[in-house]
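Data block below; observations after.
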Amino acid sequence: MDRGQRGRFVHNLRPPTPPRDTTPAVDCVNWLGNCGVILILFETPSGFALLNYPGIRLFFPHAVEDIWADFGKDTMVPRDLVILREFQTFDDKKRAINRQTGLSSQLAKMIKNWIKPGQTLAVGKAAYKEAIQRQMGIYCLCNDAVSELMWGLNNCMNTILPKEISNLTSKGHPKICQGMQIVLDRYDIHLKPEMVKKRIVEMVWSIYQFDCDVKKYAEILQLWGPKILEVSKLSTALFLLCYPEQRINLGDSPQMLSEDEANILIGDAQKYKGRLNKDTCRIMYKDISRARTTRARALRLLRALVNEARKI
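Going by my numbering, the first residue of the sequence shown is number 4, and it counts up by one from there.
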């Protein structure tokens, strides 16, 4: 089926309530249509682009916190996630689409050429959603997760559309998306818009990645000790049960074992011999320790960058 044939289909609007992040994946895919692959109408400084994206990711748990990180490094566009279909320039974008007059024939034809029957279209503005749904009968998705996706596409503009200049910045400063703000709030780091630099964005992204390295073991570790909420402390305890002869760092912080706790574990180690996979416990312990150490360095650097930005 060629693009012109696709454009002649009538696209029925689906129920207005989108899935929740707890909705089974298969139901999200069915709701989105087209096997879950959505079309994105992405606005650039000089026009509009259409891209494909696996829409199921917009409904993952913590999507608003996680989506931006797929695009946090402007030179690392995930090619398996985003596929550019078409880009066109428009002399007057306000006339191309607005709430009052709807879509221009140029933009409407561009969308018709690529939208598939039942496929969802993601847009970055509520006015665009209203105009497209009214004029074309295509269901449009516009929410916080889509906003994070648009932030990411803007951040990677130089790679996706090299001739375009990202409109992500205001007066030369990158904007802070919701996912970034969640990371900053987690570590009590306060930034004013005029303080944000590309280097700061990249450092926040790095800290997010280190957080993920620690969190990936959380579920399995808390099966062993649900009362110990600090993942690194539990991984250390398991490591010590497997390797009681090894020396480890002790302390009084919530993240570290105390000397008394370590002595109890060393005394009980024989009880767990053969019951724990020593290699698995060793790998978890080393991965988490490495991530925590590197994250601490990244946080020190980020705070130094923030302090430097305050002086400017």
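All residues carry an ideal CB built from backbone N, CA and C; glycine is no exception.
Quick caveat, the model's predicted, so the values are computed rather than measured.
Next item on the list: Pull up the DSSP beta-bridge partners for A52, would you.
Entry: BP columns for A52 point to F45 and F90.
Notebook entry, point to check: Near D216, which residues of its chain fall below 7 Å by C-beta distance, leaving aside the five closest residues on each side in sequence?
Noted result: For D216, same chain residues with a beta-carbon under 7 Å away, outside a window of 5 residues either side, are D290 and A294 in chain order.
Next item on the list: Check V40 in the structure and name its three-state DSSP category.
Entry: V40 falls in the strand class under three-state DSSP.
Next item on the list: Would you check whether the ligand FMN has a heavy atom nearer than 6 Å to the C-beta of K166?
Entry: This structure simply doesn't include the ligand FMN, nor any ligand for that matter.
Note to self: Between the alpha carbons of L3 and N157, how many angstroms are there, rounded?
What the structure shows: Residue 3 lies beyond the range of the chain shown here (4 to 315); nothing can be said about it.
Notebook entry, point to check: When the Cβ atoms of the stretch 90-105 are set against those of the stretch 41-52, are three or more pairs found closer than 8 Å?
Noted result: Yes, they touch.
Next item on the list: Could you pull out every residue in the same chain whose Cβ sits closer than 6 Å to the Cβ of C284, ignoring the five residues on either side in sequence?
Entry: Once the five neighbours on either side are set aside, the close Cβ partners of C284 are L241, F242 and C245.
Margin query: Within 10 Å of its beta-carbon, does D24 have 16 or more other beta-carbons around it, so buried, or fewer, so exposed?
Written below: D24 is classed as exposed because its beta carbon has fewer than 16 other beta carbons within 10 Å across all chains shown.
Next item on the list: Whole angstroms is fine: what's the gap from V204's alpha carbon to G277's?
Entry: Distance between the alpha carbons of V204 and G277 is about 46 Å.
Next item on the list: On a CA-only basis, which of Y142, S235, E151 and E167 is nearest I118? Give me that one, please.
Entry: Nearest in C-alpha terms to I118, of all of Y142, S235, E151 and E167, is Y142.
Next item on the list: Verify whether the separation of the beta carbon atoms of K272 and L253 is less than 7 Å.
Entry: The sequence as given places Ala at residue 272; Lys does not occur at that position. Against a cut-off of 7 Å, the Cβ pair of L253 and A272 comes out as no contact.
Note to self: Using only the alpha-carbon positions, how far apart do I231 and L260 sit?
What the structure shows: The predicted model places I231 with a pLDDT of 49, which falls under 50 and marks its position as unreliable; any figure quoted below should be read in that light. Between I231 and L260, the C-alpha separation is close to 11 Å.
Margin query: According to DSSP, is L84 part of a helix, a strand, or is it coil?
Written below: The answer is coil: DSSP assigns L84 none of H, G, I, E or B.
Note to self: Can you tell me which residues form a DSSP beta bridge with A125?
What the structure shows: Partner residues in the beta bridge of A125, as assigned by DSSP, are I43 and L144.
Checklist line | Alpha-carbon to alpha-carbon, A28 and P64 | finding: C-alpha separation (whole angstroms): 11 Å.
Checklist line | The alpha helix (DSSP H) enclosing S235, as first and last residue numbers | finding: In the DSSP assignment, S235 falls within the alpha helix (DSSP H) that extends over V234 to C245.
Notebook entry, point to check: For the stretch 295-310 against the stretch 206-221, are there 3 or more C-beta pairs whose distance is under 8 Å?
Noted result: The answer is yes - the stretch 206-221 touches the stretch 295-310, with three or more Cβ pairs under 8 Å.
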